[in-house]
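>
There are 2 protein chains.
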Amino acid sequence: MADAAPRRIPDATVARLPVYLRSLVEMAEANTSTVSSERLADLAGVNAAQVRKDLSYLGSYGTRGVGYDVEFLLFQIRRELGLTQDWPVAIVGIGNLGHALANYRGFSTRGFHIVALFDADPAKVGEKLAGLTVRPLTDLPLVAASDGIAMGIIATPAASAQEVADVLVEAGVTSILNFAPAVLTVPASVSMRKVDLSIELQILSFYQQRRSGEVAGSVAAVDDEMSA
Amino acid sequence: MADAAPRRIPDATVARLPVYLRSLVEMAEANTSTVSSERLADLAGVNAAQVRKDLSYLGSYGTRGVGYDVEFLLFQIRRELGLTQDWPVAIVGIGNLGHALANYRGFSTRGFHIVALFDADPAKVGEKLAGLTVRPLTDLPLVAASDGIAMGIIATPAASAQEVADVLVEAGVTSILNFAPAVLTVPASVSMRKVDLSIELQILSFYQQRRSGEVAGSVAAVDDEMSA
DNA sequence: GTTTGTGAACCACTTCACAGCC
DNA sequence: GGCTGTGAAGTGGTTCACAAAC
Numbered sequence: 001m002a003d004a005a006p007r008r009i010p011d012a013t014v015a016r017l018p019v020y021l022r023s024l025v026e027m028a029e030a031n032t033s034t035v036s037s038e039r040l041a042d043l044a045g046v047n048a049a050q051v052r053k054d055l056s057y058l059g060s061y062g063t064r065g066v067g068y069d070v071e072f073l074l075f076q077i078r079r080e081l082g083l084t085q086d087w088p089v090a091i092v093g094i095g096n097l098g099h100a101l102a103n104y105r106g107f108s109t110r111g112f113h114i115v116a117l118f119d120a121d122p123a124k125v126g127e128k129l130a131g132l133t134v135r136p137l138t139d140l141p142l143v144a145a146s147d148g149i150a151m152g153i154i155a156t157p158a159a160s161a162q163e164v165a166d167v168l169v170e171a172g173v174t175s176i177l178n179f180a181p182a183v184l185t186v187p188a189s190v191s192m193r194k195v196d197l198s199i200e201l202q203i204l205s206f207y208q209q210r211r212s213g214e215v216a217g218s219v220a221a222v223d224d225e226m227s228a
Numbered sequence: 229m230a231d232a233a234p235r236r237i238p239d240a241t242v243a244r245l246p247v248y249l250r251s252l253v254e255m256a257e258a259n260t261s262t263v264s265s266e267r268l269a270d271l272a273g274v275n276a277a278q279v280r281k282d283l284s285y286l287g288s289y290g291t292r293g294v295g296y297d298v299e300f301l302l303f304q305i306r307r308e309l310g311l312t313q314d315w316p317v318a319i320v321g322i323g324n325l326g327h328a329l330a331n332y333r334g335f336s337t338r339g340f341h342i343v344a345l346f347d348a349d350p351a352k353v354g355e356k357l358a359g360l361t362v363r364p365l366t367d368l369p370l371v372a373a374s375d376g377i378a379m380g381i382i383a384t385p386a387a388s389a390q391e392v393a394d395v396l397v398e399a400g401v402t403s404i405l406n407f408a409p410a411v412l413t414v415p416a417s418v419s420m421r422k423v424d425l426s427i428e429l430q431i432l433s434f435y436q437q438r439r440s441g442e443v444a445g446s447v448a449a450v451d452d453e454m455s456a
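Take a look at the structure:
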């Protein structure tokens, strides 16, 4: 037996790997061959010890006294994140946001290919967009199977989101990114992440109000704790 | 008096308050007058003890043996989050995403009013959208001052994001929501949150790959944590 | 000298469990 | 009996600080 360490990568580390990846891509494009944890931390906006600890979960890929080889690390992170393959992605809900997501360049440049668009509204079906034709939601099971869709993006109104999630799960999609402002329930075997645009503004509102409401006299130190 | 209490609300709690708020709005619309921590936890997708602890940071607003009054709690959370006032918001970068955000109904229904759109590209300036006309980025300082803009949304490409952030900060905007895939630096007195669409997919990719590669036997539950 | 890799200390958040109040 | 509010215990994540490796 030799399959090495039983490395369990913390969720928090997983969430930062894409950020390191982005910085490393930039460095590679600038033909930088080596990077220290200090420099990478700087680019990623985190602490250097954090970078070292995070990377140590992947393996001992650095060289003491030198740093990390950019290309090598790039490959290792890509491999760890499962980005050495392309993922076919479906978007459900072709409203404002669905349109923007379908046209978003950032997905394809990072290995995520939008291969199908769905909407339950017959008025939207047939529309051509980003090189694809919007299909009826009822086609999803068939298309998911034939195109091997593993990831789905929900961009519908809140009211239909759970229903769509159910359809996705039923069709075998095991990763879901939810933009609808609703709490969705999926089996534990399915990963789900959510992005709620108005919640982000509401959180900002809290800190904004706290700042504005602060009377000059009281409490000197305004140490603001917001991560970046 | 009786207000007092040096309550410091944890960031994690602040991030959940909007979720509770959403559930409470739904309950109010359904004319439910009281809610238990158990029920609210269910709707918000969290643990009941979590709900109670979170709400306890706002004050003792529940009644033992009964639960929380929906309308009262609704008001308290709104007040805490600073949502009893409307916030004027500016969007910078009117591409795909900027368009979608400008038209997004979810903002206005929650007290965030998009009052100005900016783009550095002269070709975009003058375009009419969501009842507004896209203005040159150079107008931002003036408009920010006259319209009292406190919140800015960055929806530009990564390359111009830092520059835009600087302009926003210089114009006195103290809350920024960044959609550009870049790490931005702002003074500690400014709150910034980021939403990176492709990072979300990359995180999903990690768990997806882990699952696919997994030989039947172990289980891995995935939950999301706080974004930053 | 430089920089990694990592135990240990620290800190924040979550969950438990139960006393206190209705 | 039911449900909140909260100390205390538990968990996960971050930062420190330094020995090991170059």
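Residue numbers (the working numbering), protein chains in the order written: chain E, 1 to 228; chain A, 229 to 456.
Don't be surprised by glycine CBs; every beta carbon is placed ideally from N, CA and C.
Quick check for students: name the residue ranges of the beta strand (DSSP E) that lie wholly in the segment 75 to 112 of chain E, counting only runs of 3 or more.
The qualifying runs are 87 to 92.
> Just the chain E side, please: which residues come within less than 7 Å of residue 402 (chain A) by C-beta, in chain order?
208 and 211, listed in chain order.
> With a CB to CB cut of under 7 Å and the five nearest residues on each side skipped, what residues in its chain are close to residue 182 (chain E)?
Closer than 7 Å at the Cβ level, and outside the excluded window around residue 182 (chain E), lie 158, 161 and 162.
> Closer than 7 Å between beta carbons: that is the criterion. Which residues of the segment 178 to 206 of chain E meet it against chain A?
Of all residues in the segment 178 to 206 of chain E, 181, 183, 188, 191, 193, 194, 195, 197, 198, 199, 200, 201, 202, 203, 204, 205 and 206 have a Cβ within less than 7 Å of some Cβ in chain A.
> Would you say the segment 293 to 307 of chain A touches the segment 249 to 264 of chain A, given that touching needs at least three Cβ pairs under 8 Å?
Contact holds: three or more Cβ-Cβ distances are below 8 Å.
> Output yes if chain E places a C-beta closer than 8 Å to the C-beta of residue 327 (chain A); else output no.
At least one chain E Cβ lies under 8 Å of residue 327 (chain A).
> Please list, in chain order, the chain A residues whose beta carbon lies closer than 7 Å to that of residue 59 (chain E).
None at all; the shortest Cβ gap to chain A is about 16 Å.
> On the DSSP letters alone, give me the boundaries of the beta strand (DSSP E) that residue 364 (chain A) sits inside.
Element bounds for residue 364 (chain A): 360 to 364.
> For residue 113 (chain E), count the other beta carbons within 10 Å of its own beta carbon; 16 or more makes it buried, fewer makes it exposed. Which is it?
Looking at its Cβ environment, which holds fewer than 16 other Cβ atoms inside 10 Å, residue 113 (chain E) is exposed.
> Can you tell which of A:429, A:426 and A:380 has its C-alpha closest to the C-alpha of residue 420 (chain A)?
The shortest Cα separation from residue 420 (chain A) among A:429, A:426 and A:380 belongs to A:380.
> Tell me, which residues are paired with residue 285 (chain A) by DSSP?
Per DSSP, none; premise fails for residue 285 (chain A).
> State the Cα-Cα distance for the pair residue 315 (chain A) and residue 62 (chain E), rounded to the nearest angstrom.
Roughly 47 Å separates the two Cα atoms.
> Which residue comes first and which comes last in the beta strand (DSSP E) that contains residue 210 (chain E)?
Segment 197 to 213 is the alpha helix (DSSP H) holding residue 210 (chain E); no beta strand (DSSP E) there.
> In chain E, which residues lie less than 9 Å from residue 379 (chain A) when you measure between Cβ atoms?
Within chain E, the residues near residue 379 (chain A) are 201, 204, 205 and 208.
> Cα separation between residue 76 (chain E) and residue 52 (chain E)?
The alpha-carbon atoms of residue 76 (chain E) and residue 52 (chain E) are separated by roughly 14 Å.
> Any beta-carbon of chain A closer than 8 Å to the one on residue 22 (chain E)?
So, interface residue.
> Assuming residue 69 (chain E) is part of the beta strand (DSSP E), what are its boundary residues?
Per DSSP, residue 69 (chain E) belongs to the beta strand (DSSP E) from 67 to 69.
> Compare the C-beta of residue 243 (chain E) with all C-beta atoms of chain A and state if any pair is closer than 8 Å.
An answer regarding residue 243 (chain E) cannot be provided, because it is not within the stretch 1 to 228 covered by chain E.
> According to DSSP, what are the bridge partners of residue 419 (chain A)?
Beta-bridge pairing links residue 419 (chain A) to A:403.
> Taking any Cβ of chain A, which residues in the segment 111 to 141 of chain E have a Cβ under 7 Å from it, in chain order?
Within the segment 111 to 141 of chain E, the residues whose Cβ lies closer than 7 Å to some Cβ of chain A are 112, listed in chain order.
> Could you list which residues in chain A have their beta carbon closer than 8 Å to that of residue 75 (chain E), in chain order?
The premise fails here: residue 75 (chain E) is roughly 15 Å from chain A at the closest Cβ pair, so nothing lies under 8 Å.
> Assuming contact is defined by CB atoms lying nearer than 8 Å, are residue 144 (chain E) and residue 172 (chain E) in contact in what I supplied?
Yes, Cβ-Cβ distance for residue 144 (chain E) and residue 172 (chain E) is below 8 Å.
> Check whether the Cβ of residue 271 (chain A) lies closer than 8 Å to any Cβ atom in chain E.
Closer than 8 Å to some Cβ of chain E, the Cβ of residue 271 (chain A) qualifies, so yes.
> Should residue 363 (chain A) go down as buried or exposed, given a rule of 16 or more other Cβ atoms within 10 Å for buried?
That one is buried.
> Does the CB of residue 40 (chain E) have a neighbour CB from chain A at under 8 Å?
Taking Cβ atoms only, chain A never reaches closer than 8 Å to residue 40 (chain E), which makes this a no.
> Check whether the Cβ atoms of residue 278 (chain A) and residue 82 (chain E) sit closer than 8 Å, and answer yes or no.
Result no, Cβ atoms of residue 278 (chain A) and residue 82 (chain E) do not sit closer than 8 Å.
> What did DSSP end up calling residue 41 (chain E) once you bin it into helix, strand or coil?
Helix, per DSSP.
> Express the C-alpha separation of residue 39 (chain E) and residue 219 (chain E) in angstroms, rounding to a whole number.
Because the pLDDT of residue 219 (chain E) is 38, which lies under 50, any placement of that residue in the model is unreliable, and the question is left without a value.
> Sort A:308, A:333 and A:327 by Cα distance to residue 198 (chain E) and report the nearest one.
Residue 198 (chain E) has its Cα closest to that of A:333, out of A:308, A:333 and A:327.
> If we count the other Cβ atoms within 10 Å of its Cβ and call it buried at 16 or more, is residue 433 (chain A) buried or exposed?
It is buried - the Cβ of residue 433 (chain A) has at least 16 other Cβ atoms within 10 Å.
> Would you call residue 4 (chain E) buried or exposed, if buried means 16 or more other Cβ atoms sit within 10 Å of its Cβ?
Low confidence applies here, because residue 4 (chain E) scores a pLDDT of 46, under 50, leaving its location unreliable and the question unanswered by this model.
> Checking contacts by CB at 8 Å: is residue 19 (chain E) closer than that to chain A?
With 8 Å as the cut-off, residue 19 (chain E) counts as an interface residue toward chain A.
> Does residue 229 (chain A) have its Cβ less than 8 Å from a Cβ in chain E?
Here residue 229 (chain A) scores only 40 on pLDDT, less than 50, and its place in the model is too uncertain to base an answer on.
> Taking just the CA atoms, how far does residue 59 (chain E) sit from residue 96 (chain E)?
Answer to the nearest angstrom: the Cα atoms are 43 Å apart.
> Quick one: list the residues of chain A neighbouring residue 169 (chain E), beta-carbon separation under 7 Å, in chain order.
None at all; the shortest Cβ gap to chain A is about 14 Å.
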